[in-house]
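**Q** One structure follows; several queries about it will come next.
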Amino acid sequence: MMTSMEWPALLDLNRLYRADYQQDRHRPAYDQDADRIAFSAPFRRLANKTQVHPLYDNDHIHHRLIHSMETASVGRSLGLEVGHWLEQEGLIAAGGQAVVAGTVHAACLAHDIGNPPFGHSGEAAIGDWFAEKFDSRSGLFQDRGQCFAEEFEAFEGNAQGFRILTRLEMNRPGGMRLTHATLGAFMKYPATARARREDPEISGALKKFGVFESDTDALRAVAEQTGLLPGAGPHRWWCRHPLVFLVEAADDICYNILDLEDAFTAGTLSYREVVELLAAVAGLVPREDRGDTQSEKIAFLRAVAIGRAFEACSQAFSENHSAIMHGTFSKGLVEASSCAAAFAVMRTIASERIFTASRKTELEVMGRNLVHRILDGLLPVFEALAESDFEPEKLTGYPRQLRRALDIDLRQAHDPYSALHCLADYVSGMTDRYALKVSKIIYG
């Protein structure tokens with residue numbers, strides 16, 4: 136049995152469900168992946184999805200699209216650092232540095248593509264609504280087992296993202312048909328919700344699930360083509376792709392550091408508080424004799440802090456390379472780096488001050504109620520679809536009218552399980568502003 140992953144397989148540039156694919160000599164497959172993601176509608180919608188501060192009027196506050204682009208930039212830099220080290224050590228072939236950097240860049244672009252409106256509070260709102268409905272044991276929610284209720288009740292943006300990339304976008308098997316390497320680097324949690332619930336071995340190795348039951352064929356194809364190590368136990372799951380750690384580190388660096396800059400812009404944290412936190416990572420304080428504004432000084436510190444952080448994470452990757460390749464490394468690179476203590480303080484401040492800011496809390500309550508109202512308002516369409524033997528053309532009356540008014544895609548709905556996923560697809564795909572609009576259309 137294989138006990139270590141191998142870089143040639145991990146960097147496989149063949150495409151999901153495209154056995155006949157031939158890479159263009161002058162346009163690498165990972166660059167094509169990045170283009171397919173960047174030009175997709177789900178990626179474009181991130182421009183109006185919450186990062187931390189919902190529905191903010193200040194154009195300098197981050198939204199999901201800007202966060203994704205910045206994460207991709209940091210991810211590419213991490214990939215260049217790690218790729219150079221891998222080449223120097225003879226662990227990948229000459230020229231492999233570009234493959235590592237390009238693959239991480241593409242996966243970072245997509246890392247939030249499955250996130251619903253209103254950020255993580257939107258994720259929780261969708262999960263809570265489904266939990267209430269499955270408790271009722273009525274209509275589409277009668278059979279918890281057949282509908283894999285656990286993956287709806289703990290709705291997960293990572294699993295929704297994998298579904299978008301490999302199924303929904305382009306509405307064909309394989310979806311965008313990205314490379315196995317990019318999809319492997321994207322999959323933070325290569326296991327289903329049911330497998331994780333039933334197998335303590337998985338829950339100890341992976342914090343969450345990352346793939347829906349309906350998408351396990353794609354998961355298996357990616358895992359086998361990239362040579363991911365299979366996990367122990369009776370259920371199918373795999374250890375994480377090594378490049379996942381770089382994608383995750385880029386995300387951690389960006390949201391921890393840039394949340395501070397946003398908190399200053401929003402007036403949640405003072406200039407001195409933000410400078411102190413950033414200086415702990417950057418290793419310096421801004422000069423006070425240059426005439427720069429406070430915003431400019433914070434921007435300078437932010438840039439230096441990001442650079443120091445990705446250098447620390449690339450070093451942590453090389454120091455833990457053996458454990459990563461054997462599937463036994465369980466930390467994040469930030470946690471294993473020399474910046475760990477400074478980032479721990481940032482996370483504490485964010486939890487106590489940023490995530491509990493009054494405006495954010497008020498809008499999260501509003502967002503939760505909005506998501507629940509929308510799901511309640513859309514449910515009659517899916518109940519009527521079930522009564523019509525899952526044939527959309529048989530819909531009549533108000534459900535047919537509502538489906539047409541909101542352009543609800545029912546092509547993937549063939550039974551209660553797939554119908555509930557269509558409902559989750561539609562709502563999780565909304566932007567914050569479109570959710571407001573849909574609520575107004577349904578309720579007047």
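First residue of the sequence shown? That's 136 in our numbering, and the numbers climb one at a time after it. Virtual Cβ for every residue (Gly too), placed ideally from N, Cα, C.
#1: With a floor of 4 residues, list each alpha helix (DSSP H) that falls wholly inside the stretch 447-473, ordered by position along the chain.
#2: Buried or exposed, going by whether 16 or more other CB atoms sit within 10 Å of the CB of T463?
#3: Just to confirm, are G262 and F287 a CB contact at a threshold of 9 angstroms?
#4: Terminal residues of the continuous alpha helix (DSSP H) containing P365?
#5: Going along the chain, which unbroken runs of the alpha helix (DSSP H) with 4 or more residues stay wholly within the stretch 233-316?
#6: Taking R312 as the reference, give the member of L468, V506, D170, S139 with the closest Cα.
#7: I need the straight-line Cα distance from D155 to A358, nearest angstrom please.
#8: Measure the C-alpha to C-alpha separation of G310 and E304 and round it to an integer number of angstroms.
#9: Is the beta carbon of L404 less than 9 angstroms from the beta carbon of L436?
#10: I'd like to check one pair, Y561 with L530: are the Cβ atoms closer than 9 angstroms?
#11: In the DSSP assignment, what are the bridge partners of R150?
#12: Near K268, which residues of its chain fall below 6 angstroms by C-beta distance, leaving aside the five closest residues on each side in sequence?
#13: Going along the chain, which residues of its own chain have a beta-carbon closer than 6 angstroms to the beta-carbon of M598, five neighbours each way excluded?
#14: For T428, count neighbouring C-beta atoms within 10 Å of its own C-beta (all shown protein chains included) and say buried if the count is 16 or more, exposed if not.
#15: Mark L558 as exposed unless 16 or more other C-beta atoms lie within 10 angstroms of its C-beta, in which case mark it buried.
#16: Could you please give me the residues that DSSP links to W373 through a beta bridge?
#17: Identify the residues that DSSP records as bridge partners of D159: which are they?
#18: Assign H202 to buried or exposed, taking buried as 16 or more other Cβ atoms, counted over all protein chains shown, within 10 Å of its Cβ.
#19: Return the residue from the list S553, L514, H549, V239 that minimises the CA-CA distance to R535.
#20: Counting along the chain, where does the alpha helix (DSSP H) carrying I337 start and finish?
#21: Could you tell me if R589 is buried or exposed, where buried requires 16 or more neighbouring beta carbons within 10 angstroms of its beta carbon?
#22: Short of 6 angstroms in beta carbon distance, which residues of its chain neighbour M136, apart from the five on each side in sequence? Order them along the chain.
#23: Terminal residues of the continuous alpha helix (DSSP H) containing L537?
#24: Does the count of Cβ pairs from the stretch 173-183 and the stretch 415-424 closer than 8 angstroms reach three?
**A** This is what the structure holds:
#1: List check, alpha helix (DSSP H) in window: 456-460, 468-471.
#2: Taking the sequence shown and counting its residues from 1, one reaches residue 463 at position 328. Its Cβ having fewer than 16 others within 10 Å, T463 is exposed.
#3: Residue mapping note: residue 262 aligns to position 127 of the sequence shown, counting from 1. Residue mapping note: residue 287 aligns to position 152 of the sequence shown, counting from 1. For G262 and F287, yes; Cβs fall inside 9 angstroms.
#4: Within the sequence shown, the letter at position 230 stands for residue 365. Element bounds for P365: n/a, residue is neither H nor E.
#5: Taken in chain order, the whole alpha helix (DSSP H) runs of length 4 or more contained in the stretch 233-316 are 254-271, 284-288, 292-298.
#6: Taking the sequence shown and counting its residues from 1, the one referred to as residue 312 is at position 177. With distances taken between Cα atoms, R312 lies closest to D170.
#7: Indexing the sequence shown from 1 puts residue 155 at position 20. Indexing the sequence shown from 1 puts residue 358 at position 223. The straight-line gap from Cα to Cα measures roughly 19 angstroms.
#8: Walking along the sequence shown from the start, residue 310 turns up at place 175. Walking along the sequence shown from the start, residue 304 turns up at place 169. Taken atom to atom, the span from the alpha-carbon of G310 to that of E304 is near 5 angstroms.
#9: Within the sequence shown, residue 404 is the residue found at index 269, counting from 1. Within the sequence shown, residue 436 is the residue found at index 301, counting from 1. In this structure, L404 lies away from L436, with their beta-carbon atoms at least 9 angstroms apart.
#10: Counting from one through the sequence shown, the residue named residue 530 turns up at place 395. Counting from one through the sequence shown, the residue named residue 561 turns up at place 426. No, Cβ-Cβ distance for L530 and Y561 is not below 9 angstroms.
#11: Numbered from its first residue, the sequence shown carries residue 150 at position 15. Bridge partners of R150: R153, T314.
#12: What you label residue 268 is simply residue 133 of the sequence shown in a count that begins at 1. Taken in chain order, the residues that qualify are F276.
#13: A query on residue 598 cannot be resolved here, the shown segment of the chain reaching from 136 to 579 and no further.
#14: Here residue 428 is taken as the residue at index 293 of the sequence shown, counted from 1. When all chains shown are included, T428 counts as exposed.
#15: Here residue 558 refers to the residue found at position 423 of the sequence shown. With 16 or more other Cβ atoms within 10 Å, it is buried.
#16: The count along the sequence shown starts at 1 and reaches residue 373 at position 238. DSSP output for W373 lists P365 as bridge partner(s).
#17: Translated into positions along the sequence shown, residue 159 becomes position 24. Partner(s): R162.
#18: On the sequence shown, residue 202 is found 67 positions in, with the first residue counted as 1. When all chains shown are included, H202 counts as buried.
#19: Walking along the sequence shown from the start, residue 535 turns up at place 400. Closest option to R535, Cα to Cα, is L514.
#20: The sequence position of residue 337 within the sequence shown is 202, counting from 1. Segment 335-340, the alpha helix (DSSP H) holding I337.
#21: Any answer about residue 589 is impossible in this case: the structure gives the chain only from 136 up to 579.
#22: Stepping through the sequence shown from its first residue, residue 136 is reached at position 1. Residue placement at M136 cannot be trusted, given a pLDDT of 46 that sits under 50; the coordinates are not used to answer.
#23: Numbered from its first residue, the sequence shown carries residue 537 at position 402. Residues 532-541.
#24: As far as the Cβ criterion goes, the stretch 173-183 does not touch the stretch 415-424, which means the pair count is below three.
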